[in-house]
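**Student:** Numbered by mature numbering (1 follows the signal peptide of the UniProt record, and there is no 0), the letters in the sequence shown go through residues -15 to -1, 1 to 272 in order. Mind having a look at this structure? Questions to follow.
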Amino acid sequence: MKLLYLAFFVVGASAFYVDNESDAQKKERIVGGRKAPIESLPYQAQLLQNNVQICGASIISRLWILTAAHCITGKNPKFTVITGSASVSTGGDLHHVSEVIVHSEYDKNTQDNDIALLKLTKPIVYNERQKPIKLSTKPPNAGDLMTISGFGKKGEDQGYAIFLETANMPVVDHELCARRYIEDPITDNMFCAGVGPTDACQGDSGGPGVINGELAGVVSAGQDCGSTYYPGIYTTVYNYLNWIAQHTRTPTVRLTSRPTTAKLTSIVIDPSNTILGKIVHKFINFI
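Here is the structure:
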C-alpha cells in the first residue's frame, strides 16, 4: 500500500524512520497547525517507547487510551503514556500500561481496522489538563469540520514539534477520496479529511480527529504531508463503539445498535510479559 503511515519508531535512545518501498514512507507533526495549550485539548495523550513519543492517542476513560494499531504492532510491548502535557515526551502525568489490545483484523497492508486500546495500571486523575473525550455516535459526513492535534512534523522535510499543535480541516467525500487513492482501498472503516496546506504528518499517528467535540477519527495514514491531491486517512471511531465497549467495560462508552463491520475479537498483549509479547506479535501484521 503506497501510504505514509504515521508512526515514529524508537530503538534504544535514538529515533528513526522506517521506510519500506512496498509500503512507501511513513507519515506522521501537524502541517499548517498552530500551537495549542493542553487545556484546550485535554483528551490528547502521548504514546511513548523508551521515553520518546512515537504516536498520539486519546483519553477515553480513566483507565483506557485509544490509538492506532500500527503504533503498537511489531514493537516491544512495554509502552508508557503521558497525559496532561503540551510538551513532547515530558511534563504532565506518566502512566504505565498493563494491557494492549490490537484489533484482531488490523491489516498492515490496507490499514483497515487501524485501532488499538491501552489499559493503564492506575486511573487518570481528571482535571482541566487531562480528561476524556466522548466517542462519536455517528459517522462523519463530507464537509464536517474536524480538529486534529499532535506533535508531528510541519511537513515532509521539516522537524518535529516540541509543543502540541492543532489544526482544523474538512472531511472529504468518501468516493472522491477513493478515486484519489485508486490503487489503495479506502474501506468503510476509514474516512478522509484535509487536502492542501493542513494535514497530519509523521508523529501524529494514533492521535484524535474531533468533530463537534466528539472523537470521530484516529489518525491513520496518507500520502505526502500537506498534499494538495491526497487527503489524510482516518479510522472511523463510530464503527468500533461495540468493540471498544466490549473491551473497556466502561459506561462512558455508548453502545450502538449498528452492526460492526468487523469481528469483536482481538489480539491481547500483556506488556509485563516480554515472552508473551513476542509470541503474540507473530500473529500481528508488522509495519
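Just so you know, even glycine gets a beta-carbon here, dropped at the ideal spot from N, CA and C. Predicted, not measured: the structure shown is a model, and the values here were computed from it.
In the DSSP assignment, find the unbroken alpha helix (DSSP H) run with residue 162 in it and report its ends.
**Tutor:** Segment 159 to 165, the alpha helix (DSSP H) holding residue 162.
**Student:** When burial is assigned at 16 or more other CB atoms within 10 Å of the CB, is residue 219 buried or exposed?
**Tutor:** Buried, by the Cβ-count rule.
**Student:** Pick out the complete alpha helix (DSSP H) segments inside the segment 65 to 146, 4 residues or longer, and give them in chain order.
**Tutor:** With a minimum length of 4 residues, no continuous alpha helix (DSSP H) run stays inside the segment 65 to 146.
**Student:** Is the separation between the beta-carbon of residue 201 and that of residue 222 shorter than 8 Å?
**Tutor:** The answer is yes: Cβ separation under 8 Å.
**Student:** Which class does residue 25 belong to by DSSP, given the choice of helix, strand or coil?
**Tutor:** Three-state DSSP puts residue 25 in a helix.
**Student:** Could you say if the segment 88 to 102 and the segment 119 to 126 meet the contact criterion of at least three C-beta pairs nearer than 8 Å?
**Tutor:** Flag = no, the segment 88 to 102 and the segment 119 to 126 do not touch.
**Student:** Can you give me the start and stop residues for the beta strand (DSSP E) that residue 200 sits inside?
**Tutor:** Run containing residue 200: 199 to 206, per the beta strand (DSSP E) assignment.
**Student:** For residue 227, which three-state DSSP category applies?
**Tutor:** Three-state DSSP puts residue 227 in a helix.
**Student:** Can you look up residue 56 in the DSSP assignment and give me helix, strand or coil?
**Tutor:** Here residue 56 sits in helix by DSSP.
**Student:** Give me the residue from 193, 75, 99, 80 with the minimum Cα distance to residue 301.
**Tutor:** Coverage of the chain is limited to positions -15 through 272, which leaves residue 301 absent and any answer about it impossible.
**Student:** Going straight from the alpha carbon of residue 248 to that of residue 164, what length do you get?
**Tutor:** Bear in mind that a pLDDT of 43 at residue 248, under 50, signals an unreliable position, so the number given afterwards is only what the model happens to contain. Their Cα atoms are separated by approximately 28 Å.
**Student:** Can you list, in chain order, the residues of its chain with a C-beta nearer than 6 Å to that of residue 172? Leave out the 5 residues immediately preceding and following it.
**Tutor:** Here the set comprises 97.
**Student:** How would you write the range of the beta strand (DSSP E) that residue 195 sits in, first residue to last?
**Tutor:** Its beta strand (DSSP E) spans residues 193 to 196.
**Student:** Nearest to residue 177 by alpha carbon, out of 225, 124, 135?
**Tutor:** It is 124 whose Cα lies nearest to the Cα of residue 177.
**Student:** Could you tell me whether the segment 67 to 83 touches the segment 223 to 235, where touching means 3 or more Cβ pairs closer than 8 Å?
**Tutor:** Judged by Cβ distances under 8 Å, the segment 67 to 83 makes no contact with the segment 223 to 235, as fewer than three pairs qualify.
**Student:** Would the beta-carbon of residue 281 fall within 8 Å of that of residue 101?
**Tutor:** Lying before the first or after the last residue shown, residue 281 is absent from the chain, which here runs from -15 to 272.
**Student:** The beta strand (DSSP E) that contains residue 171, what's its start and end?
**Tutor:** It is not in any beta strand (DSSP E) - residue 171 carries neither H nor E in the DSSP assignment.
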